[in-house]
Amino acid sequence: MSEQNRPTDAPPSPVPPVPVVRRPRWNVGLIWLVPVVAALIGIGMVAHNWASEGPSVEISFITAEGLEAGKTQVKYKDVVIGLVDSIRLAKDRTHIIARVKLDKAASSFATTDSRFWVVRPRFGTTGVTGIGTLLSGAYIGADVGVSSDVSKSFIGLERPPAVIHGSPGRRFVLRAADIGSLDIGSPVYYRRIQVGRVVSYELDKDGKQMKVDVFVDAPYDRYVTVSSRFWNASGVDLNLDASGLKLSTQSLATVIAGGVAFQSPPGPRDATPAAEDAEFVLFDDLQTAMAPPDGEPEYLQMRFEQSLRGLGVGAQVDFRGIVVGRVVSIDLDYEADKQSFPLIVGVVIYPQRFGRAGEKIAQLGKDESDKNTRMAAFVKPLIAHGLRAQARVGNLLTGQLYIALDFMPNAPKTEFDASARPVQMPTVPGSFDQLQEQMTGIVEKLGKIPFESIGKHLDSTIVQLDKTLRQVNDSTLPQFNATLAGAQGTLGSAQQAVSANSPMQQSLAQTLAEMQRAARSLRALTDYLGVHPESLLRGKPVDPALRDAPEKNSKGNPP
Amino acid sequence: MTALAPRAHELGIVGCHTCGSACSADLPRCPRCGSPLHRRKPDSLARTWAFLIAALILYIPSNVLPVMYTSMLGRGEASTILHGVVEFWKSGSWDIALLIFIASVAVPSTKFLVLGTLLVTVQRRSTWARQQRARLYRFVELIGYWSMLDVVVVALVSALVQFHLLGTAEPRLGIVFFGLVVVLTMCAAMSFDPRLIWDDADGSE
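Quick mapping for you: the protein sequence lines, in order, are chains A and B.
Quick note on the numbering used here: the first sequence kicks off at 3 and runs consecutively.
Quick note on the numbering used here: the second sequence kicks off at 196 and runs consecutively.
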């Protein structure tokens, strides 16, 4: 500015005047905007970070496999909602604690019913999951519930939950004797469509039953009615028992993965949909599931003195062809005084399987409170009447045995101890055993036959015979031949004698002709005598025919 | 030292900042190139301080924030400068680790220290170790842009490593701050007038 003004304002001089440099005051401060802006950026970032910081929660896992502090993310529906901040061992070293910094937006995940689990690649029978984490590394999956109670520490699930919160459908509880080949995620079938899966399972507190939670998706959950029956459709059900070989399966997938199926039993049933968390019994197979309920079983014990090879636990107990129970135990006992090893077989009998008979039995002993006493009182007269248990062969091919209860009228009498607990059922040896015994007797008798001496005798007899035959050959046969030749000659002459033109024949024919003539004259005589019997006394008269004839002629014949 | 030679202002001469021509101190502009003449860079200390403080502030996020995100076979990871150094060191590439450390940590820190020292000593009009301080300044000017190495590496890697699923590298916010730090320290070094080192305690500006 001053330079521009110089030519006009100042007089020309060799030395220019000292320029007046005026600096605006803000010019000094302007440069300080740079650090101020930098500071503002920094503060802004800190503020943003602070504002977006969500709650910090602690999740415990059994192992930190795949987890890395500062790297492992927490995801819900594949959206990152947090990051693992640090991982440390718990004080008792039984598990690890991962501290997770949740995003501000995901602060609702810090509530009591949220669930966390580690998503790792899992190769199971139901399929492969978490394959993406094979390369990217594990992450923590999250599921949020409905609770609004804030919680800061969680116990991580070791397996992903089968059902994410809020899925439409219902959960049911199945009680089973064992888990079979079921696993978490095993399918639930309804008419062979997959309609749900096994969510969890746990052992009862007393360790006697399994509690299996299944989840049935909507809209199929309405087919689970109060009368539905669930059965284990796992794998191939290969059943070899007294009634033969049986193989059944629900679908090819269950052969590998196992599964549960449900259906209502046939006939009109209560079709009310079952309530959430309703309890059902998980049957072993379709057949037992659909069978009418067995009711409370009764326990019986039996003593067998013979071998029970082929009888297994689970073998049928049969009463007149109806399966009424099964074998539950086979134990070996020892009796010192008899030096014997009897087999103690425990069976359970389902009275309801007796049908109408069972109802009547129940009527009989209903005034007795103890069921063992009732049972004893009931079976005592029957045993007196010949009721016995017998191990019978159900399948000749495999030699499988079953226990038959039947009346044996000629069974030996036994003492029934009505006070023994459990109730003892007397037994008789099996029919096969009896047969075996008889066979053994026959074989023994056969063994007693002196085959050796018989052989020796037979041998000497044969030698004798040989000698005799040789003699016959040497001496008897030539004579016999000569005799035969003689006989032949005799026969030849005999033949000659009877031939057609032999003299004997001719004379015979003449004789016969003579005989014929003689017979004829005899007949003439008899005829004569018949007419003239007086001729025997008077002799033959003069020929009347000759005398009478002229008379007749004279009289009859007029001249 | 003053005894050795007369100072420029004693002779009434001002060196042009642009072309280096020695001009009369009375002239407002260089008669040769026309740029304004100053005896010293205007507001040198204040500008240097401002740039230095701004660089210091930005140095914090540049180290805290990740500078690069690399993903190999789907496994992604965002790494800060120091993290990268540690990773390289652990994996055995101590030479690369050292290089990154020098370029990204040692050089900026040295610049902060040196410029800070220079500013403080100049403000105090200290006469301590002037020659060394002058050398130090030239050294800082020399190494200043080498800090850009990190920025260049990130830029190159991000541009070249784009194999989608197999591997990708993306720059992250930290590198911007780091670049700003480098630029600001260079600005600070440029706005500092080394001649101030030689100004006597009694010397007037």
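For each residue, glycine too, the CB sits at the ideal point set by N, CA and C.
Closer than 9 Å to chain B by CB, Glu5/A | As a position in the first sequence, residue 5/A is number 3, starting the count at 1. Here the model assigns Glu5/A a pLDDT of 44, short of 50, so the residue's position is not dependable and the matter cannot be decided.
Does the count of Cβ pairs from the region 241-259 of chain B and the region 375-391 of chain B closer than 8 Å reach three?
-> yes
Beta-carbon gap between Val319/A and Ser331/A smaller than 9 Å = Your numbering for residue 319/A matches position 317 in the first sequence. Your numbering for residue 331/A matches position 329 in the first sequence. Their beta carbons are not under 9 Å apart, which means Val319/A does not touch Ser331/A by this criterion.
Segment limits, alpha helix (DSSP H) that includes Ser495/A = One-based indexing of the first sequence puts residue 495/A at position 493. Its alpha helix (DSSP H) spans residues Leu479 to Val500.
Does Glu282/B come within less than 9 Å of chain A when only Cβ atoms are used?
-> Working through the second sequence from its first residue, we reach residue 282/B at position 87. Closer than 9 Å: no.
Cα-Cα separation, Asp206/A to Met212/A | Locating residue 206/A in the first sequence gives position 204, where the first residue counts as 1. Locating residue 212/A in the first sequence gives position 210, where the first residue counts as 1. Roughly 6 Å separates the two Cα atoms.
Near Pro261/B, which residues of its chain fall below 7 Å by C-beta distance, leaving aside the five closest residues on each side in sequence?
-> For the purposes of this step, residue 261/B is taken as residue 66 along the second sequence, with counting starting at 1. Answer for Pro261/B: Ala273, Ser274, Thr275, Arg367 and Gly369, listed in chain order.
Helix or strand or just coil, what does DSSP make of Asp290/B?
-> Along the second sequence, read from residue 1 onward, the residue named residue 290/B stands at position 95. Of the three classes helix, strand and coil, the one that applies to Asp290/B here is helix, per DSSP.
Compare the beta carbon distance of Lys103/A and Glu55/A with 9 Å and say whether it is the shorter of the two.
-> Position 101 of the first sequence, counting from 1, holds the residue named residue 103/A. Position 53 of the first sequence, counting from 1, holds the residue named residue 55/A. Yes. Within cutoff.
Closer than 8 Å by C-beta to Asp296/A: which residues in its own chain qualify, once you throw out the five before and the five after it? Chain order, please.
-> The sequence position of residue 296/A within the first sequence is 294, counting from 1. If we look at Asp296/A and ignore the five residues flanking it on each side, its Cβ neighbours are Tyr352, Gln354 and Arg355.
Could you tell me whether the region 104-114 of chain A touches the region 75-86 of chain A, where touching means 3 or more Cβ pairs closer than 8 Å?
-> yes
Alpha-carbon to alpha-carbon, Gly132/A and Glu365/B = Numbered from 1 along the second sequence, position 170 holds the residue referred to as residue 365/B. Numbered from 1 along the first sequence, position 130 holds the residue referred to as residue 132/A. Cα to Cα, the separation comes out at about 26 Å.
From Leu467/A to Asn475/A, what distance separates their C-alpha atoms?
-> Taking the first residue of the first sequence as 1, we reach residue 467/A at position 465. Taking the first residue of the first sequence as 1, we reach residue 475/A at position 473. Each residue's Cα considered, the two are about 12 Å apart.
Any chain A beta carbon closer than 9 Å to Glu272/B | By one-based count along the second sequence, residue 272/B stands at place 77. Yes, Glu272/B counts as interfacial toward chain A.
Report yes if the CB atom of Arg193/A is closer than 9 Å to the CB atom of Thr227/A, and no otherwise.
-> Position 191 of the first sequence holds residue 193/A. Position 225 of the first sequence holds residue 227/A. The answer is no: Cβ separation not under 9 Å.
Excluding five sequence neighbours on each side, which residues of the same chain lie with their C-beta closer than 8 Å to the C-beta of Leu314/B?
-> The sequence position of residue 314/B within the second sequence is 119, counting from 1. Counting only Cβ-Cβ distances below 8 Å, and skipping sequence neighbours, we find Leu240, Thr243, Trp244, Leu247 and Phe387.
Quick one: grab the DSSP three-state call for Tyr141/A.
-> In the first sequence, the residue the question calls residue 141/A occupies position 139. Correct three-state label for Tyr141/A: strand.
For Asp105/A, the three-state DSSP class (helix, strand or coil) | Position 103 of the first sequence, counted from the start, is the residue given in the question as residue 105/A. Strand at Asp105/A.
Cross-chain neighbours of Trp34/A in chain B, by beta carbon under 8 Å | The sequence position of residue 34/A within the first sequence is 32, counting from 1. In chain order: Ala241 and Ala245.
At 3 residues or longer, and completely inside the region 232-270 of chain B: list those beta strand (DSSP E) runs for me, N to C.
-> 263-267
Express the C-alpha separation of Leu514/A and Gly488/A in angstroms, rounding to a whole number.
-> Mapped onto the first sequence, residue 488/A falls at position 486. Mapped onto the first sequence, residue 514/A falls at position 512. Between Gly488/A and Leu514/A, the C-alpha separation is close to 33 Å.
Taking Ala140/A and Val59/A to be in contact with their CB atoms under 8 Å, please state how far apart those CB atoms are, rounded to whole angstroms.
-> On the first sequence, residue 140/A is found 138 positions in, with the first residue counted as 1. On the first sequence, residue 59/A is found 57 positions in, with the first residue counted as 1. At roughly 18 Å, the Cβ-Cβ gap does not stay under 8 Å, so Ala140/A and Val59/A are not in contact.
Taking only beta-carbon atoms, is Val39/A less than 9 Å away from chain B?
-> As a working note, residue 39/A is residue 37 in the first sequence. Chain B, which has a Cβ nearer than 9 Å to the Cβ of Val39/A, makes this yes.
Where Ile451/A and Met441/A are concerned, what is the direct C-alpha to C-alpha distance, given to the nearest angstrom?
-> For the purposes of this step, residue 451/A is taken as residue 449 along the first sequence, with counting starting at 1. For the purposes of this step, residue 441/A is taken as residue 439 along the first sequence, with counting starting at 1. Spanning the two alpha carbons is a distance of roughly 16 Å.
Ile61/A and Ile99/A: beta carbons closer than 9 Å?
-> Taking the first residue of the first sequence as position 1, residue 61/A is located at position 59. Taking the first residue of the first sequence as position 1, residue 99/A is located at position 97. In this structure, Ile99/A lies closer than 9 Å to Ile61/A by Cβ.
From the DSSP output, which residues share a beta bridge with Val120/A?
-> As a working mapping, residue 120/A is identified with position 118 in the first sequence. Looking at the DSSP assignment, Val120/A forms a beta bridge with Ile142/A.
Chain D contact residues for Ile252/B, given Cβ-Cβ distances below 7 Å | In summary, chain D is missing from the structure at hand, where the protein chains are A and B.
Burial state of Val130/A (16 or more Cβ within 10 Å) | Locating residue 130/A in the first sequence gives position 128, counting from the first residue. Its Cβ having fewer than 16 others within 10 Å, Val130/A is exposed.
Give the secondary structure of Pro505/A by DSSP, where H, G and I count as helix, E and B as strand, and everything else as coil.
-> Along the first sequence, read from residue 1 onward, the residue named residue 505/A stands at position 503. Helix, per DSSP.
Proximity below 9 Å, CB of Val280/B to CB of Val300/B = For the purposes of this step, residue 280/B is taken as residue 85 along the second sequence, with counting starting at 1. For the purposes of this step, residue 300/B is taken as residue 105 along the second sequence, with counting starting at 1. Yes, the Cβ-Cβ distance between Val280/B and Val300/B is below 9 Å.
Contact set between Ile248/B and chain A, taken where Cβ atoms lie within less than 7 Å | Against the second sequence, residue 248/B aligns to sequence position 53. Simply Pro37.
Identify, in the order they occur along the chain, each residue of the same chain with its Cβ nearer than 8 Å to the Cβ of Ala364/A, setting aside the five sequence neighbours on each side.
-> Taking the first residue of the first sequence as position 1, residue 364/A is located at position 362. For Ala364/A, where only same-chain residues beyond five positions count, the Cβ hits under 8 Å are Pro353.
Own chain, CB closer than 7 Å to Tyr301/A, minus 5 neighbours either side, in chain order = Position 299 of the first sequence, counting from 1, holds the residue named residue 301/A. Result list for Tyr301/A: Gly348, Val350 and Pro424, in chain order.
Buried or exposed: which applies to Gly357/A, given that a residue is buried once 16 or more other Cβ atoms fall within 10 Å of its Cβ?
-> Locating residue 357/A in the first sequence gives position 355, counting from the first residue. That one is exposed.
Inter-residue Cα distance where the pair is Gln75/A and Phe373/B = Here the question's residue 75/A lines up with position 73 in the first sequence. Here the question's residue 373/B lines up with position 178 in the second sequence. Taking the straight line from one Cα to the other gives about 27 Å.
In chain B, what lies closer than 7 Å to Met47/A by C-beta?
-> Here residue 47/A is taken as the residue at index 45 of the first sequence, counted from 1. Correct list: Pro256.
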